[in-house]
Structures are given as structure tokens and as C-alpha cells.
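Novice: If you scroll down you'll find the structure; I have some questions about it.
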Amino acid sequence: MQVAHPPLEHPPDVAAPRGLPVIGLTLRLAAASAVIAGLSLYARGPARSPPPPAAPLTAESEKPFVPSMARPARPALAALPEGGRLRLDDPDALDPVRIEPARLNPATGLREESLSRGAFAAIEDAHLRLTLTRDAGTAPPPGLFVTLARRAADGPALAVIRTGTRGRIATKFGAVETLEATLAGPLRRICTGFVTLEAAPARIDGWLCAPLGQPPEPRAVACALDALRLEEGGDAGTAAAFRAAQGRRDPACVAARPAAMAEPAGRTGSIGARRPAATKN
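Those letters in the sequence shown? Residues 1 to 281, by UniProt numbering.
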């Protein structure tokens with residue numbers, strides 16, 4: 001007995017449904033591209049608006065910038081009233097006198113004039129540096145140590161590293177206070193600082209260093225000030241003080257200068273050496 005089987009159906013056509021996966025893949029790629037584009041826009045941030053237009057220039061905006069901590073300029077000699085010129089009354093000295101331009105002290109507003117003879121670094125020679133302050137009676141003077149420290153750092157770039165004995169000597173300018181001080185720079189030298197006490201309205205301060213690192217004798221400091229002169233001119237008060245001092249010169253200082261050349265040991269504390277006299281044949 002034969003069993004009747006239902007007719008076999010043909011398998012579905014596999015070629016027809018193949019288009020569905022391709023369409024899905026395309027949609028997925030499109031969605032991924034959209035997500036990438038969105039992330040890129042988010043990373044860039046919000047759109048920047050154009051900068052506002054610049055404000056028009058006015059007279060106020062065109063003013064130059066002026067720093068608030070500008071250092072006060074030191075007036076040069078040409079900006080100061082004319083004054084008598086300082087000099088040392090020792091024309092035969094071998095070491096020339098160096099005169100610095102006058103200036104106004106920015107702290108006190110007073111006129112200061114400085115001169116020097118000899119080099120601080122030349123330890124075999126004497127070294128003198130002094131400063132004349134005009135109208136010094138109008139302001140209280142600082143102490144001698146403070147004065148020396150400021151003078152040392154201001155011009156020759158030195159430092160006062162040690163002080164010693166204080167004293168007082170008599171000069172043609174009256175009483176002078178002295179202070180032994182060790183100055184340091186290219187080398188160290190023991191010098192004597194000084195400041196006048198009775199030369200008003202002028203004040204003279206400075207230091208004297210003897211040769212070979214030895215402190216100068218008090219007589220050498222007095223003779224250094226004895227050789228200081230002021231040429232005529234300038235303010236009447238300072239000129240009168242120098243004229244009165246010239247009448248009190250110490251004859252021993254003038255007589256000691258030629259003797260200092262005769263014995264090298266006697267040069268200690270001298271301001272300069274005189275040229276030896278020419279010999280006749």
C-alpha cells in the first residue's frame with residue numbers, strides 16, 4: 001500500500017531576502033556617521049561670537065603709560081646753579097684729582113660735589129675721597145657710619161665691613177669727627193672716615209686710606225682737609241666758610257709735604273707725592 005506524500009514545496013528563493021542585511025548595514029553606517037558628527041560639534045564648543053568693535057581713540061586713551069615706581073633721576077651739573085669748583089692745593093702731586101659732576105641728593109635735595117685722588121685698589125698708594133654738601137645746615141646730618149656706608153656703596157661700590165676707634169681732630173674747618181673703618185671692594189683697606197662739625201653751612205665728609213693697608217695718622221687727615229680749596233663762585237655761605245678756613249691753615253701741613261718724599265716711610269697717610277726737583281748740571 002503506497003502512502004501518498006504531499007508534494008514537495010520548492011525552497012524559498014535565497015536571492016530575494018539578501019537585500020535586507022545590506023539595507024540594515026547602510027542604516028547603521030548612517031547612524032554612526034551622525035553620532036560622530038554630533039560628537040565633533042560638541043567638542044568644538046559653542047560658536048564664538050565675533051569680538052566687539054574697538055572703542056574709538058580719545059585724548060584720554062592716547063596718554064603714554066607712566067610707571068608708578070619710576071626712580072627719581074639725578075640732575076646733572078648742567079641743571080644745577082653754578083658753584084665754585086673744588087680742588088686740592090697740591091699742584092705738584094703725581095696723582096691727578098678726579099672731580100665728579102655735581103648732583104642733588106634725592107633724599108635731602110642738597111647739592112653734593114665729590115672729588116678723589118688715588119685708586120682704592122692701588123694699596124701701595126694713598127687714597128682720598130671726599131664730598132662737599134652745600135647748605136647742609138638746613139637738614140639734620142646722619143651719623144658718620146651711615147654717611148660712610150652710603151658714600152661707599154653709592155659711587156665706588158665699596159662696603160663698610162668693620163669699624164673701630166672714634167675720635168676728633170682739629171682742622172682748618174674746625175672740629176672733625178673721625179671713625180676708623182675697614183672698606184671692602186677689590187681688596188680690603190683700613191681707612192679713616194671723617195665729617196666736619198663746624199663748617200656750616202657746608203659739610204665735608206669722606207675717607208682717607210694710607211698706603212700698604214695701614215690706617216692713616218690723624219695728622220694726615222687734617223692735612224688732607226688743609227689742602228682742600230674752593231674756587232670763587234657759587235653760594236655766598238659756602239664761599240665764606242672756605243675763606244675763613246683759609247685763614248686757619250696749618251703751616252706744618254705745607255712743610256710736611258716735601259719731607260714726605262724724602263723718606264718713603266713718611267708717606268703713610270700723605271695725599272700725593274711731589275715731583276723731585278730738577279738738578280742743575
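No residue lacks a Cβ here, since even glycine has one placed at the ideal position from N, Cα and C.
What number of angstroms, rounded off, separates the C-alpha of Gly247 from the C-alpha of Ala241?
Specialist: Against the sequence shown, residue 247 aligns to sequence position 247. Against the sequence shown, residue 241 aligns to sequence position 241. Computed Cα separation, rounded: 10 Å.
Novice: Look at Gly174 and Ala153 and say whether their C-beta atoms are less than 8 Å apart.
Specialist: By 1-based counting over the sequence shown, the position of residue 174 is 174. By 1-based counting over the sequence shown, the position of residue 153 is 153. Going by C-beta atoms, Gly174 is not nearer than 8 Å to Ala153.
Novice: Thinking C-alpha only, which one of Gly213, Thr171, Gly143 and Asp95 is nearest Leu179?
Specialist: The residue you call residue 179 lines up with position 179 of the sequence shown. The shortest Cα separation from Leu179 among Gly213, Thr171, Gly143 and Asp95 belongs to Gly143.
Novice: Tell me the DSSP secondary structure of residue 289 in three-state form.
Specialist: There is simply no residue 289 to check, as the chain begins at 1 and stops at 281 in what is shown.
Novice: Quick one: complete alpha helix (DSSP H) runs, 4+ long, within the region 213 to 241?
Specialist: With a minimum length of 4 residues, the continuous alpha helix (DSSP H) runs that stay inside the region 213 to 241 are 218 to 226.
Novice: Might you give, ordered along the chain, the residues of its own chain that have their beta carbon closer than 7 Å to the beta carbon of Leu187, omitting 5 neighbours on each side?
Specialist: Residue numbering aside, residue 187 sits at position 187 when the sequence shown is read from its first letter. Counting only Cβ-Cβ distances below 7 Å, and skipping sequence neighbours, we find Ala121 and Ile123.
Novice: Got a sec: does the ligand MG put a non-hydrogen atom nearer than 7 Å to the Cβ of Pro140?
Specialist: Ligands displayed in this structure: none; no statement on the ligand MG is therefore possible.
Novice: In the structure shown, what three-state DSSP assignment does Arg249 receive?
Specialist: For this step, residue 249 is matched to residue 249 along the sequence shown. Arg249: coil per DSSP, three-state reduction.
Novice: Spatial neighbours of Thr163 within its chain, please: C-beta separation below 7 Å, excluding the five flanking residues on both sides.
Specialist: For the purposes of this step, residue 163 is taken as the residue at position 163 of the sequence shown. If we look at Thr163 and ignore the five residues flanking it on each side, its Cβ neighbours are Phe145, Leu179, Glu180 and Ala181.
Novice: For Leu197, which three-state DSSP category applies?
Specialist: For this step, residue 197 is matched to residue 197 along the sequence shown. In the structure shown, Leu197 sits in coil (DSSP, three-state: anything other than H, G, I, E or B).
Novice: Which residue comes first and which comes last in the alpha helix (DSSP H) that contains Ala152?
Specialist: Position 152 of the sequence shown, counted from the start, is the residue given in the question as residue 152. Looking at the DSSP string, the run of the alpha helix (DSSP H) that includes Ala152 is Leu144 to Asp154.
Novice: Can you give the beta carbon distance from Leu130 to Gly206, rounded, assuming they're within the 8 Å contact cut?
Specialist: Your numbering for residue 130 matches position 130 in the sequence shown. Your numbering for residue 206 matches position 206 in the sequence shown. The pair is a contact, with the Cβ atoms about 3 Å apart (cut-off 8 Å).
Novice: How is the beta strand (DSSP E) around Asp205 delimited, first residue to last?
Specialist: Stepping through the sequence shown from its first residue, residue 205 is reached at position 205. Run containing Asp205: Arg203 to Cys209, per the beta strand (DSSP E) assignment.
Novice: Determine the DSSP secondary structure at Arg28, reduced to helix, strand or coil.
Specialist: Your numbering for residue 28 matches position 28 in the sequence shown. Here Arg28 sits in helix by DSSP.
Novice: Any idea what DSSP makes of Arg243, helix, strand or coil?
Specialist: Here residue 243 corresponds to residue number 243 of the sequence shown, with the count starting at 1. Helix, per DSSP.
Novice: If we ignore side chains and look at the alpha-carbon of each, how far apart do Ala107 and Ala159 end up?
Specialist: For this step, residue 107 is matched to residue 107 along the sequence shown. For this step, residue 159 is matched to residue 159 along the sequence shown. In a straight line, the C-alpha of Ala107 is about 20 Å away from that of Ala159.
Novice: Return the CA-CA distance between Arg98 and Leu208, expressed in angstroms with no decimal places.
Specialist: Walking along the sequence shown from the start, residue 98 turns up at place 98. Walking along the sequence shown from the start, residue 208 turns up at place 208. Straight-line Cα distance between these residues: approximately 15 Å.
Novice: Go ahead and pull the three-state DSSP assignment for Gly137.
Specialist: Residue mapping note: residue 137 aligns to position 137 of the sequence shown, counting from 1. Residue state, collapsed to three classes: helix.
Novice: Quick test of your reading: Leu86 and Leu228, contact by CB under 8 Å. State the CB separation rounded to the nearest angstrom.
Specialist: The sequence position of residue 86 within the sequence shown is 86, counting from 1. The sequence position of residue 228 within the sequence shown is 228, counting from 1. Contact flag correct, Cβ pair sits at about 7 Å.
Novice: Under 8 Å, do Pro218 and Gly167 count as touching if we go by C-beta distance?
Specialist: Counting from 1 along the sequence shown, the entry for residue 218 is found at position 218. Counting from 1 along the sequence shown, the entry for residue 167 is found at position 167. Yes.
Novice: Assuming Arg243 and Pro141 make a contact with CB atoms under 8 Å, what is their CB distance in whole Å?
Specialist: In the sequence shown, residue 243 corresponds to position 243, counting from 1. In the sequence shown, residue 141 corresponds to position 141, counting from 1. That belief does not hold up - the Cβ atoms of Arg243 and Pro141 are roughly 22 Å apart, past 8 Å.
Novice: Count the other CB atoms, across all protein chains shown, that sit within 10 Å of the CB of Ser33; report buried if there are 16 or more and exposed otherwise.
Specialist: Here residue 33 refers to the residue found at position 33 when the sequence shown is read from its first residue. Classification of Ser33: exposed, given that the 10 Å Cβ count is below 16.
Novice: Quick one: Cα of Pro101 to Cα of Asp90, how far?
Specialist: Against the sequence shown, residue 101 aligns to sequence position 101. Against the sequence shown, residue 90 aligns to sequence position 90. Those two C-alpha atoms are separated by around 21 Å.
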